[in-house]
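Following our numbering, the numbering of the sequence shown begins with 1 at its first residue and continues without gaps. Beta carbons are placed, not taken as given, at the ideal position from N, Cα and C, and that holds for glycine. For clarity, every value in this text was computed on a predicted model and none was experimentally measured. Structure record follows, encoded as structure tokens.
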Amino acid sequence: MAQRERLPDHSITGDGDITVYLLHGGYGSKDYWRYEIAELVRAGYRVVAWDAPGYGLSPLPDLPAGDYSIDYLARSFGLLLKATAGRTNILFGHSLGGIIAPRAALLFPDLVHGVIVSATVGSFATRSAEDQKDYVAKRLAPLDQGKTLAESAMPLIKSMFGPGASGPMVDLVAEVAGSTKADTFRASILAIMAYDGRETLKQLRVPTLLVAGECDSVGRPEGMKAAAALVPDAEFAVIPGAGHYGWAENQPEFNRVLFDFIQRRVARAKENAHA
Numbered sequence: 001m002a003q004r005e006r007l008p009d010h011s012i013t014g015d016g017d018i019t020v021y022l023l024h025g026g027y028g029s030k031d032y033w034r035y036e037i038a039e040l041v042r043a044g045y046r047v048v049a050w051d052a053p054g055y056g057l058s059p060l061p062d063l064p065a066g067d068y069s070i071d072y073l074a075r076s077f078g079l080l081l082k083a084t085a086g087r088t089n090i091l092f093g094h095s096l097g098g099i100i101a102p103r104a105a106l107l108f109p110d111l112v113h114g115v116i117v118s119a120t121v122g123s124f125a126t127r128s129a130e131d132q133k134d135y136v137a138k139r140l141a142p143l144d145q146g147k148t149l150a151e152s153a154m155p156l157i158k159s160m161f162g163p164g165a166s167g168p169m170v171d172l173v174a175e176v177a178g179s180t181k182a183d184t185f186r187a188s189i190l191a192i193m194a195y196d197g198r199e200t201l202k203q204l205r206v207p208t209l210l211v212a213g214e215c216d217s218v219g220r221p222e223g224m225k226a227a228a229a230l231v232p233d234a235e236f237a238v239i240p241g242a243g244h245y246g247w248a249e250n251q252p253e254f255n256r257v258l259f260d261f262i263q264r265r266v267a268r269a270k271e272n273a274h275a
């Protein structure tokens, strides 16, 4: 990047040869990964969770309108990746993070060995004009009417969970998601709507897993399955009963799929390459 930037705020937990990077969604920050970080560390992985620019402790950059883009976010993540990369690096992106992760993998191919995409829309260009309009209206119209993000977002955030979702992980996600800064959220939604990620998915050349929640109305299973078909080396899985936050709503099943993919497709591939 032309301008000098501070490294995005992040946490580093655990150790091991495999580093899993956690990229949060449009609602959220690194703080909502607490329980998932603990499980990853217990499984023997090193974990780096970031606050994207404008989220958590990372300041929102003063950029011209439209420059806060998916490409900008992927390059910002690249600063962190270069500074903290381990021997084997996997990008696990959720929702917005699942759009950023494939782009970052394409921009920094020498540092990325696997990609996991959770509950993500590959591209809004595949959605109808009415669907796109509804997506934006539900998220930005209340802010335009003067409501705070906490006031406007909580009903929507709760509606994205699957039926019966409960427990401390679900509560933590809702709490952190509801504290997202309004200006950051607005910029992120506009960045998502302006981005067409289909060509990026087609160019991925690392093992890739796409995971959908069975009941997710955002990263819909049928849409994610179609996105998986664009990736040359992709697998697709559905988490039963889960909505948008499968890793928090049905953590045992999500992590069964996650850990199997990491060991079978990434760890063994690296071992074979060095055999």
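Short Cβ contact (8 Å threshold) for residue i with residue j
{"i": "V238", "j": "T208", "result": "no"}
{"i": "A182", "j": "Y27", "result": "no"}
{"i": "L201", "j": "A227", "result": "yes"}
{"i": "G93", "j": "S58", "result": "no"}
{"i": "L111", "j": "A85", "result": "yes"}
{"i": "R103", "j": "A83", "result": "no"}
{"i": "L91", "j": "L7", "result": "no"}
{"i": "L191", "j": "S69", "result": "The residue you asked about is not Leu; residue 191 is Ala in the sequence shown. It is a contact, given that the beta carbons lie within the stated cut-off."}
{"i": "H244", "j": "V211", "result": "no"}
{"i": "S11", "j": "A49", "result": "yes"}
{"i": "V170", "j": "E249", "result": "yes"}
{"i": "C215", "j": "P163", "result": "yes"}
{"i": "V278", "j": "H113", "result": "Residue 278 falls outside the range modelled here, since the chain spans only 1 to 275, and no answer is possible."}
Rounded separation between residue i and residue j - CA only
{"i": "R256", "j": "P64", "result": "43 Å"}
{"i": "V41", "j": "D15", "result": "8 Å"}
{"i": "L258", "j": "T148", "result": "35 Å"}
{"i": "V136", "j": "I18", "result": "37 Å"}
{"i": "Q251", "j": "R186", "result": "29 Å"}
{"i": "F161", "j": "R220", "result": "13 Å"}
{"i": "S152", "j": "S188", "result": "16 Å"}
{"i": "G56", "j": "L96", "result": "15 Å"}
{"i": "P240", "j": "T88", "result": "30 Å"}
{"i": "A165", "j": "L106", "result": "35 Å"}
{"i": "A242", "j": "Q203", "result": "29 Å"}
{"i": "D67", "j": "G213", "result": "31 Å"}
{"i": "L23", "j": "P53", "result": "11 Å"}
{"i": "D9", "j": "D62", "result": "17 Å"}
{"i": "A267", "j": "V115", "result": "13 Å"}
{"i": "F236", "j": "A229", "result": "9 Å"}
{"i": "L172", "j": "S159", "result": "15 Å"}
{"i": "Q3", "j": "F77", "result": "Note that Q3 scores 49 on pLDDT, short of 50, meaning its location in the model is unreliable; the coordinates nonetheless yield the value given after this. For Q3 and F77, the distance between alpha carbons rounds to 15 Å."}
{"i": "D233", "j": "R265", "result": "10 Å"}
{"i": "F261", "j": "G246", "result": "16 Å"}
{"i": "I157", "j": "V121", "result": "16 Å"}
{"i": "K133", "j": "L143", "result": "15 Å"}
{"i": "Y276", "j": "L140", "result": "With the chain represented from 1 up to 275, any question about residue 276 goes unanswered, as that position is not in the structure."}
{"i": "D31", "j": "E130", "result": "34 Å"}
{"i": "K138", "j": "A150", "result": "14 Å"}
{"i": "M1", "j": "P168", "result": "Residue placement at M1 is poorly supported in this model, since its pLDDT is 40, which falls under 50; the coordinates still yield a value, given next. Whole-angstrom Cα-Cα distance: 39 Å."}
{"i": "K225", "j": "G98", "result": "14 Å"}
{"i": "A101", "j": "G25", "result": "11 Å"}
{"i": "Q263", "j": "R34", "result": "22 Å"}
{"i": "T184", "j": "D51", "result": "12 Å"}
{"i": "A275", "j": "G223", "result": "Its pLDDT being 48, under 50, A275 is placed unreliably in this model, and the coordinates cannot settle the point."}
{"i": "E36", "j": "S179", "result": "19 Å"}
{"i": "M193", "j": "G146", "result": "22 Å"}
Alpha helix (DSSP H) segment containing residue i, residue limits
{"i": "L156", "result": "L149 to S159"}
{"i": "V257", "result": "Q251 to F261"}
Boundaries (first-last residue) of the beta strand (DSSP E) holding residue i
{"i": "I90", "result": "T88 to H94"}
{"i": "V331", "result": "Here the chain has residues from 1 to 275 only, and residue 331 is not among them."}
{"i": "G114", "result": "G114 to S118"}
Cβ of residue i within 8 Å of any chain C Cβ
{"i": "L23", "result": "The structure shown contains no chain C; it holds only a single protein chain."}
Open item on the list: My parser needs the alpha helix (DSSP H) runs of 4 or more residues fully inside the stretch 14 to 79; what are they?
Closed with: Within the stretch 14 to 79, the complete alpha helix (DSSP H) runs of at least 4 residues are 34 to 42.
Open item on the list: In chain order, what are the residue ranges of uninterrupted alpha helix (DSSP H) at least 4 long that sit wholly in the stretch 165 to 236?
Closed with: Correct list: 168 to 178, 182 to 194, 198 to 203 and 221 to 228.
Task: Any 3 or more C-beta pairs closer than 8 Å across the stretch 40 to 58 and the stretch 189 to 198 - done: A contact between stretches requires three or more CB pairs, one per stretch, nearer than 8 Å, and the stretch 40 to 58 fails this requirement with the stretch 189 to 198.
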